[in-house]
Structures are given as structure tokens and as C-alpha cells.
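Residue numbers (my numbering): -16 to 346.
Cβ coordinates follow ideal geometry from the N, Cα and C atoms, glycine included.
Remember, predicted model here, so these are calculated numbers, not experimental data.
Here the structure is laid out as C-alpha cells; the discussion comes afterwards.
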């Protein structure tokens, strides 16, 4: 494709930096927008310190052929709160500005979590699967809403419309929307907020099912963005390595830590207790994603010429932060795991007794 001017939001993040560098290597004129200063840009990249929530985005997007919205990242603290509404307000401002200045190609970073984790999900999920996020997990719900807003931009119904993501049958034929649905993404600097949350949720295992994991290296996500820009692809694209790994492999790669295996009805109760007491970063709504399948197929992206450079195992290891448990021998780790299980069960018993006493007093 001819050289174009590409504006990348969230350019100071791990994926944003790599995306800017990759697009510049391909010869594009790249402008990165981020509210965090002090990041040294890659050759051919111009960085601007911009707060998307208050800045004049029309001025920032003026002359842009492509806008890549990567500023929709997540921290571990985000997934259990309602900060998504603020992020959606930013998306609405961005879409309005893109509409005003005549942007023709929009690339947004959504998540494979928009498919939801359901017992009847096929393994793997393709882009033809319905978008039905688990309703109690706000992160996934907000990502699905962002897709709807972007689809409305294509159809010309306005940023707050109710379009279906990836529907290319209506709207302005000159507008292109790429919706990237990556698996849990990790960078070598840190595991990432979503990876930490999913890992914490998987540490409380239910006998209802065994979680399947997919872990995407940030370099491969950046390459997927570049591939989508080059191809001007219209529609959703799953982004994940080939295949997936099971919980036993994840435990082996990450180092055996305290993990609980509980009856199906008890597991979410324990997860809720750990969350409410601050002992886990995983909110209760993420629990289904640690039980039911939601791994995705990457065939459509591969057909565009993209190839993953890291396996699930390599990405998982890259994002794993060694802790104190990694320095202990297997016997010590097992003893700690049993002790942790016992403490949780004692805590649950105490909670049940306390609730029973309250009920008796009220009666």
C-alpha cells in the first residue's frame, strides 16, 4: 500500500511502542499520542503528549489516513471497576474526531474475551462466533460496546449507535474498520494487568472444567496491527499464537504456587472472598473465563500473511514474574499450597458461622 499517515493512541505502552516502530519500519508516517511523557520514540516516529479525554482530537487527527486505537489497555485494578465508561467516552470522542477529519481506516484493540467463556463454546472460536461477553465481567462488556460504537462509525449512525462489529455490508464503503481481538497479551517488561487477573482466577480451580490458556506476545500483536494496516482489512481478526496450553502446562511453566481445586459451587465463593479481602486481583466476574473455553483460531489473520514469532509457552514465560516461590523446592511449595488451602477453608467456615449467627439474631 502507499505510504500513509498513521496516528497511534497509547503509543507509550508496551504494545503501542512496538506498533509505532513496526509501522515506521514499513515506511509509514507515524504519530504517537499518549499522556505519558518521556518515552524515546523509534526512528521515524513523532510522539505527542496528549490526554485523549480533554484534547482537541480533530487537530491531532488532521491529515491522518489511519487511526490505531491502542490506548484501551487495562491494569489489574481496572477489570473489577467501572472505569470502562471513561474509556468509552474517549472512544466516542475519537470516533467523532475521525468522522470530522475524514479518517478512512480505523484499527481498534478489543479482546478475545468479547466472545465470552461459555460451556457450549467451540474450540477454537472463529471470528464468525457471536459476541456474547460474560455479563458480570465489565472489561469484556465494555470491549464489546466499543466494537459496537466503532461499527456505528462505519455505518454512519454516529459513535453511539448499535452496529454489529465487523458487519461490512452497510455504511460508507470508503471506511475500513479492523477489530483486533487478541488473546491475553504479555510483554517482557511485565505480565500485564489482564494476564495477572486471569492467572489469579485460574489459581482457584473448579472441578467444572479445566481452563485452556492462550498468551500473545506484545511483539506479535504489534505485527498484527501492521498487517491489518497494510492489508486495509475490514472486519474482526482474532490474534493468538497457534493452539493453546492447559492448566498443568501453565503451572509447570510458571512454577507451582498455592492453587486450590474446589467443587464447582464453592470455587466462585472462594474467588469472591479472596477478591473482597484484597487477597486476589481477580474480580468475581472473571471466574467463568477460568473454567469454560474461549480460545480462538488465528487462520484469518494468518491468511493475510501474519505469523506469530512466539508460542503460547514462550509468551507465558516472558510475562511471568519470578517470585519467592520460584526459589523454593517442590516440597516446600506443596506445603505452602496445602497451608493456603487450609486457611481459605477455615476462613470460609468462619464466614458461614458468622452469617448464620447474624441470621439467628435477626430472627
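Taking the C-alpha atoms as reference points, what is the distance between residue i and residue j?
i, j, result
"residue -15", "residue 49", "12 Å"
"residue 93", "residue 116", "12 Å"
"residue 2", "residue -6", "8 Å"
"residue 294", "residue 22", "28 Å"
"residue 143", "residue 270", "Residue placement at residue 143 is flagged as unreliable, the pLDDT there being 42, under the threshold of 50; the coordinate-derived value follows with that caveat. C-alpha separation (whole angstroms): 30 Å."
"residue 133", "residue 203", "23 Å"
"residue 58", "residue 46", "With a pLDDT of only 49 at residue 58, under the threshold of 50, the placement of this residue in the model should not be trusted; the figure read from the coordinates follows. Whole-angstrom Cα-Cα distance: 32 Å."
"residue 212", "residue 135", "20 Å"
"residue 127", "residue 103", "19 Å"
"residue 51", "residue 88", "8 Å"
"residue 311", "residue 236", "Note on residue 311: pLDDT 45, under 50, position unreliable in the model; the coordinate value appears next. Distance between the alpha carbons of residue 311 and residue 236: 15 Å."
"residue 268", "residue -4", "26 Å"
"residue 96", "residue 205", "19 Å"
"residue 272", "residue 284", "23 Å"
"residue 207", "residue 9", "13 Å"
"residue 101", "residue 222", "20 Å"
"residue 139", "residue 169", "35 Å"
"residue 17", "residue 74", "14 Å"
"residue 300", "residue 0", "21 Å"
"residue 34", "residue 266", "28 Å"
"residue 98", "residue 123", "8 Å"
"residue 78", "residue 125", "16 Å"
"residue 108", "residue 210", "21 Å"
"residue 11", "residue 24", "14 Å"
"residue -13", "residue 233", "41 Å"
"residue 129", "residue 290", "27 Å"
Evaluate residue i with the Cβ neighbour count: other Cβ atoms within 10 Å of its Cβ, from every protein chain shown; 16 or more gives buried, anything less gives exposed.
i, result
"residue 83", "exposed"
"residue 287", "exposed"
"residue -2", "buried"
"residue 161", "buried"
"residue 292", "exposed"
"residue 80", "buried"
"residue 106", "exposed"
"residue 112", "buried"
"residue 282", "exposed"
"residue 43", "buried"
"residue 231", "exposed"
"residue 19", "exposed"
"residue 156", "exposed"
"residue 302", "buried"
"residue 15", "buried"
"residue 118", "exposed"
"residue 36", "exposed"
"residue 85", "exposed"
"residue 196", "buried"
Is it the case that the Cβ atoms of residue i and residue j are separated by a distance below 8 Å?
i, j, result
"residue 28", "residue 4", "yes"
"residue 198", "residue 167", "yes"
"residue 72", "residue -8", "no"
"residue 219", "residue 131", "no"
"residue 274", "residue 194", "yes"
"residue 137", "residue 215", "no"
"residue 40", "residue 70", "no"
"residue 114", "residue 163", "no"
Since residue i and residue j should fall inside the 8 Å C-beta cutoff, what is the C-beta to C-beta distance between them, to a whole number of angstroms?
i, j, result
"residue 7", "residue 26", "6 Å"
"residue 297", "residue 217", "Wrong, their Cβ atoms sit about 31 Å apart, outside the cutoff."
"residue 13", "residue -11", "5 Å"
So that I know if they touch, is there some Cβ in chain B lying closer than 8 Å to that of residue i?
i, result
"residue 222", "Absent from the structure is chain B; it holds one protein chain and no more."
TODO: Count the CB pairs spanning the region 220 to 231 and the region 265 to 279 that are closer than 8 Å, and state whether there are at least three.
DONE: Contact between the region 220 to 231 and the region 265 to 279 is present, because at least three Cβ pairs lie under 8 Å.
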